[in-house]
Ligand code: ADP
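Encoded structure:
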């Protein structure tokens, strides 16, 4: 049976998912897993879709093992495993940045890798690791087609004003723009919404992707018209460890008056702020919800308040609002947080149905609520696999 693999390669982890291609061309999730703690003590876990452990390996002294070494091990295992009756015909990669140019997924070749490498300064914490996996696969199995799927692509055609900072024009021309991220998640959710509620999907909708990284996307007819993340994935909402939108004067103050280095400021804004920084306890919403500490409550209240505030701004970008969709770890699982956010948006005509919200959804607003609320689990891996098949098209 033919299969496609989705890879999401980050700085310290590589997530992978295997999708079998059914006779009707549909994708069935078969297996998945993660290589974690790359650069420290890597651990590899693969599970079947039924939760059966397929492989567990640890390298306690594997600090020197690169992404390429570990992917090599994964491939060696995959070709010598009962899954081998799955013929992997292509690999799709999540690539965080498509820059100003790439509006759709692309088949990888050497020239594309160079072009994407040139975009690394726009996403230095992510793009090099994404490309490390692309390069590693090119060496391991040069004949295997690879497809790059961009997190920015979904926002590529948003209105020009929503892409511009109020900075001198030359900087915009050099690529300093509001790109937006989480595009693969938004695209998947937009497709699911079109199946669940086509009328709403054709209207004005805010999708709230609330995970460790968090952003909102304003969509009209399933297309992005505005989003809270900008030049980097640091902008917009408060996140697990990222601060979100910040007066740029704070950065200048940290640098010039407090003498912080660029890398110190980067560490503060990306890794020590957000829920972790405000609570002083954890970046994980579940831990905060379980805590009795007042600072945990304040962090959760600020998280909700910032979402409500940004949702108001995006409603203006849309010129109205017909519905909101919650997705990702917090959006899908945290009924209490959904309730807080919906109550903050009551003034827009959103009435949450607390009973439905505590249940399985997907609709969590009152039947007669003017603005609807849904919970739709995201599946970025499936979106990557779908794009990969699509790009290969006739070659199948
Ligand atoms: P990532 O951006 O790393 O993919 P996820 O989408 O997995 O993140 O979201 C992680 C967040 O979701 C964490 O803050 C976690 O606490 C939260 N989360 C997951 N499950 C629940 C739950 N049942 N209740 C509340 N929060 C949850």
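Residue numbers (this note's numbering): 250 to 645.
Idealized CB from N, CA, C, for every residue including glycine.
Limits of the beta strand (DSSP E) - the one that residue i falls within
i	result
residue 468	463-469
residue 492	Per DSSP, residue 492 belongs to no beta strand (DSSP E) and is neither H nor E.
residue 279	276-285
residue 475	472-476
residue 527	Careful: residue 527 lies outside any beta strand (DSSP E), inside the alpha helix (DSSP H) at 523-528.
residue 458	453-459
residue 450	No beta strand (DSSP E) holds residue 450; the alpha helix (DSSP H) holding it covers 447-450.
residue 622	621-624
Residue range of the alpha helix (DSSP H) that includes residue i
i	result
residue 552	543-567
residue 500	497-505
residue 579	577-582
residue 384	376-389
residue 610	Taken as a continuous stretch (DSSP letters only), residue 610 belongs to no alpha helix (DSSP H), as it is neither H nor E.
residue 487	Note, residue 487: premise wrong, no alpha helix (DSSP H); not H, not E.
residue 392	Segment: none, residue 392 is in no alpha helix (DSSP H) and carries neither H nor E.
residue 537	534-539
Own chain partners of residue i with C-beta closer than 7 Å, once the 5 adjacent residues on each side are dropped
i	result
residue 366	380
residue 438	456, 574, 576, 625, 627
residue 567	453, 467, 469, 474
residue 666	Given that the chain is displayed from residue 250 to residue 645, the structure contains no residue 666 and the question cannot be resolved.
residue 605	612, 613
residue 277	268, 269, 271
residue 553	586, 589, 590, 593
residue 363	none
DSSP state of residue i mapped onto helix, strand, coil
i	result
residue 265	strand
residue 643	The pLDDT assigned to residue 643 is 45, lower than 50, so where the model puts this residue is not dependable; a value taken from the coordinates is nonetheless given after this. DSSP places residue 643 in helix when its eight states are reduced to three.
residue 298	coil
residue 436	helix
residue 260	coil
residue 341	strand
residue 399	strand
residue 603	helix
residue 415	coil
residue 513	helix
residue 304	strand
residue 519	helix
residue 255	strand
residue 240	With the chain covering only 250 through 645, there is no way to say anything about residue 240.
residue 321	helix
residue 634	helix
residue 355	strand
residue 293	strand
residue 593	helix
residue 585	helix
Sequence-distant residues of the same chain with beta carbon closer than 8 Å to residue i, five excluded per side
i	result
residue 509	503, 517
residue 527	487, 544, 547, 548, 551
residue 290	307, 308, 309, 310, 311, 312
residue 390	324
residue 519	374, 483, 490, 491
residue 345	372, 375, 376, 379, 399, 400, 401, 430, 482
residue 339	253, 254, 393, 394, 395, 396, 637, 638, 641
residue 571	449, 452, 453, 454, 620, 621
residue 524	487, 488, 489, 490, 531, 532, 533, 534, 537, 548, 549, 552
Cβ neighbours of residue i in the same chain (closer than 6 Å, five flanking residues each side left out)
i	result
residue 354	396, 398, 636, 640
residue 643	Low confidence applies to residue 643: its pLDDT is 45, below 50, so where it sits in the model is not reliable enough to give any reading.
residue 549	537
residue 270	251
residue 428	401
residue 337	252, 254
residue 619	598
residue 257	264, 343
Which listed residue (the options) has its alpha carbon closest to that of residue i
i	options	result
residue 485	594, 430, 525	430
residue 631	413, 261, 436, 289	436
residue 623	633, 629, 608	608
residue 384	318, 272, 400	318
residue 414	440, 515, 481, 253	481
residue 300	311, 280, 289	280
residue 479	424, 531, 634	424
residue 305	257, 327, 288	327
residue 581	421, 477, 534, 515	534
residue 259	343, 339, 338, 292	343
residue 286	262, 314, 273, 447	262
residue 556	411, 417, 477	477
residue 422	349, 464, 357	349
residue 532	579, 434, 562	579
residue 288	358, 303, 314, 294	314
residue 562	443, 296, 465, 448	465
Fill in: Check your reading: residues with Cβ closer than 5 Å to the ligand ADP heavy atoms
Selection around the ligand ADP by beta-carbon proximity, strictly under 5 Å to any non-hydrogen atom, yields 460, 461, 462, 533, 534, 535, 577, 578, 579, 582, 583 in chain order.
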